[in-house]
Each structure stands twice: as structure tokens, then as C-alpha cells.
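Participant: Please find one structure pasted underneath; my questions will follow.
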Amino acid sequence: MTCATEEVVVLLHGIGRTAGSMSVPAARLAEKGYAISNIDYPSRSAPIASLAGLINERLNAENVSACAKLHFVTHSMGGLIVRQLVKDFRPSNLGRVVMLAPPNQGSEVADFWGNNFLFKRVYGPAGQDLRTRNRRFGPVDFPLGVIAGTKSIDPVSSLLLSGPNDGKVTVDSTKVEGMTDHIVLPVNHTFLMRDARVLKQIETFLGDGAFAPVSTGGRAQ
Numbered sequence: 002m003t004c005a006t007e008e009v010v011v012l013l014h015g016i017g018r019t020a021g022s023m024s025v026p027a028a029r030l031a032e033k034g035y036a037i038s039n040i041d042y043p044s045r046s047a048p049i050a051s052l053a054g055l056i057n058e059r060l061n062a063e064n065v066s067a068c069a070k071l072h073f074v075t076h077s078m079g080g081l082i083v084r085q086l087v088k089d090f091r092p093s094n095l096g097r098v099v100m101l102a103p104p105n106q107g108s109e110v111a112d113f114w115g116n117n118f119l120f121k122r123v124y125g126p127a128g129q130d131l132r133t134r135n136r137r138f139g140p141v142d143f144p145l146g147v148i149a150g151t152k153s154i155d156p157v158s159s160l161l162l163s164g165p166n167d168g169k170v171t172v173d174s175t176k177v178e179g180m181t182d183h184i185v186l187p188v189n190h191t192f193l194m195r196d197a198r199v200l201k202q203i204e205t206f207l208g209d210g211a212f213a214p215v216s217t218g219g220r221a222q
């Protein structure tokens, strides 16, 4: 990748998904002039720490360090991978990060199903890292905007969650000490990255370092 005067956005999907799930925000940001790296990675094959190392290798291979700024847009577990990556391999040109529905404080769904054979088989080592007891990393020290959802299309999982949630992650779990901004939108966990309101807010934070005011939900205090 040659982008000495450009800003690059790296997109990381969530567990059990593919880069295709991030194709809509990738295309939208490309239209805005960003260089794009939408990375497909084996999210269920290794712990988060190992996945962060794998992503770092990919970034080195793409020579993103040559870009003016390196931004990240993540979905769900992808946000935890970025936090691990920054901790272990902090990029010198790190810019802004937008996390969509990140389980920063873990997921009660993973707590409930974590010892289940099928859960372990389907989600692998990374699935165990999503338990609330495995909170990690501490406060963030980079510009971070978090978007949480409050609409569920998974009523069974929602029964396991305490408080407003998107069907997989509670609003409270998305928060992390040191974040720059936090907003709540009526979107669900699975498809929020395709929602027009979310797409607009991603653009706004990457450009301005803060989200636009919202009429539903609000910023974390």
C-alpha cells in the first residue's frame, strides 16, 4: 500500500463473520477518499492476543506505516483485537478508532454459554476471551468513539443481558475508561454496520474526532 499523503482505514469484523460483513462501511469510506484495508481473519481459530499479532503482520505486509494516519473501524470483537494490537504493537501513525458494539467489559452471553461444548466448538479460543471475567487492557489512550445499540433481533440472548442491549452486548459493556465519545442508537448487533445512521457517525468521528448529536440515546457521561 502506497499512501504517504493519505489516511487509511482498517476494518475488522467480529467473531464468526468475514470481511464481507464490513463491505458497506468500507465502500462508504472509500468514497470519502480514505485508503481501505478490509481484513478477513480467522476469528475463531485463536485467542485475541494471537489474532492481534496476525493482524499486525498483515498491516506490516501492507506497509500501512507509510500512510499519514492509520484509523480503525471495528465490529464487536474486532474492537478488542485493536485494543490488544495497540497494547502490543502500537502503530506510530495511529489515528482515530470507531468501535461498533464492542464487548469492552465482556459479554454475559459468553458467560452463559462459555462452558457449552457447541459454543466452544463454534467460537473457539476467542469466544472464551469474551467472558466478562476476562476484561483486559485497562483504559484506552487513543481517540476512540463507541457506538452501542439498543435493538435486538435475538430475544433469547437478550434474556441473558441486564439492561439495554443490542441482542449480544449491553450498552454498559461497550463503554471503556478513556473513550472520547459514546453514543447509543436503536440498531441491532448483527447489522448495525449497514445502518445509515451508523455510517454517518463513523464518517463524522473519523473526520472530527467526535460524533454528531443524536436524538435517541446520548453520550456517556
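Numbering (our numbering), first residue to last: 2 to 222. Don't be surprised by glycine CBs; every beta carbon is placed ideally from N, CA and C. The structure displayed is predicted, hence computed values, not measured ones.
#1: Could you tell me which residues DSSP pairs with M100 in its beta bridges?
#2: Less than 8 angstroms between the CB atoms is what I'm expecting for L101 and H72, so what's the real figure, rounded?
#3: Out of N105, K169, G168, V172, point me to the one whose CA is closest to G139's CA.
#4: Which residues in the same chain as A50 place their Cβ atom closer than 7 angstroms to its Cβ, once the five residues preceding and following it in sequence are excluded?
#5: Using only the alpha-carbon positions, how far apart do R198 and A47 sit?
#6: From the DSSP secondary-structure annotation, give me the bridge partner or partners of H183.
#7: Give every residue of the same chain whose Cβ lies closer than 7 angstroms to the Cβ of Q202, excluding the five residues on either side of it in the sequence, and list them in chain order.
#8: Return yes when the Cβ of C68 is within less than 8 angstroms of the Cβ of A27, no when it is not.
#9: Can you list the alpha helix (DSSP H) stretches of 4 or more residues lying completely in the segment 30-67, in chain order?
#10: Reducing DSSP to helix, strand and coil, say where K70 ends up.
#11: Spell out whether any CB of chain B is found under 8 angstroms from the CB atom of S51.
#12: Any idea if A31 is buried or exposed, counting beta-carbon neighbours within 10 angstroms, 16 or more meaning buried?
#13: Return the residue from the list L12, K152, D196 that minimises the CA-CA distance to V99.
#14: For G208, which residues of its own chain have a beta-carbon under 7 angstroms away from its beta-carbon, when the five flanking residues on both sides are left out?
#15: For the alpha helix (DSSP H) containing L200, list its first residue and its last residue.
#16: Rounded to whole angstroms, how far is the Cβ of G210 from the Cβ of T181, which I believe are closer than 8 angstroms?
Facilitator: In this structure, then:
#1: Walking along the sequence shown from the start, residue 100 turns up at place 99. According to DSSP, M100 bridges with T75, V147.
#2: For the purposes of this step, residue 101 is taken as residue 100 along the sequence shown, with counting starting at 1. For the purposes of this step, residue 72 is taken as residue 71 along the sequence shown, with counting starting at 1. Contact doesn't hold; Cβ gap of about 14 angstroms is too wide.
#3: On the sequence shown, position 138 is the one that residue 139 refers to. Closest option to G139, judged by alpha-carbon separation, among N105, K169, G168, V172: N105.
#4: Position 49 of the sequence shown, counted from the first residue, corresponds to residue 50. Counting only Cβ-Cβ distances below 7 angstroms, and skipping sequence neighbours, we find Q85.
#5: Taking the first residue of the sequence shown as position 1, residue 198 is located at position 197. Taking the first residue of the sequence shown as position 1, residue 47 is located at position 46. Cα to Cα, the separation comes out at about 33 angstroms.
#6: Translated into the one-based positions of the sequence shown, residue 183 becomes position 182. Answer is V147, bridged to H183.
#7: Here residue 202 refers to the residue found at position 201 when the sequence shown is read from its first residue. Answer for Q202: I148, I184, F212, A213, listed in chain order.
#8: For the purposes of this step, residue 27 is identified with residue 26 of the sequence shown, where counting begins at 1. For the purposes of this step, residue 68 is identified with residue 67 of the sequence shown, where counting begins at 1. With a cutoff of 8 angstroms on beta-carbon distance, A27 and C68 are scored as not near each other.
#9: Listed in chain order, the complete alpha helix (DSSP H) runs (minimum 4 residues) inside the segment 30-67 are 49-62.
#10: Taking the sequence shown and counting its residues from 1, the one referred to as residue 70 is at position 69. Strand, per DSSP.
#11: Absent here is chain B; the protein component of the structure consists of one chain.
#12: Here residue 31 is taken as the residue at index 30 of the sequence shown, counted from 1. That one is exposed.
#13: Here residue 99 is taken as the residue at index 98 of the sequence shown, counted from 1. It is L12 whose Cα lies nearest to the Cα of V99.
#14: Within the sequence shown, residue 208 is the residue found at index 207, counting from 1. The beta carbon of G208 sits closer than 7 angstroms to none of the beta carbons in its chain outside the five residues before and after it.
#15: Translated into the one-based positions of the sequence shown, residue 200 becomes position 199. Going by DSSP, L200 is part of the alpha helix (DSSP H) stretching over 197-209.
#16: If you number the sequence shown from 1, residue 210 lands on position 209. If you number the sequence shown from 1, residue 181 lands on position 180. Between T181 and G210 the Cβ distance is about 7 angstroms, and since that is below 8 angstroms, they are a contact.
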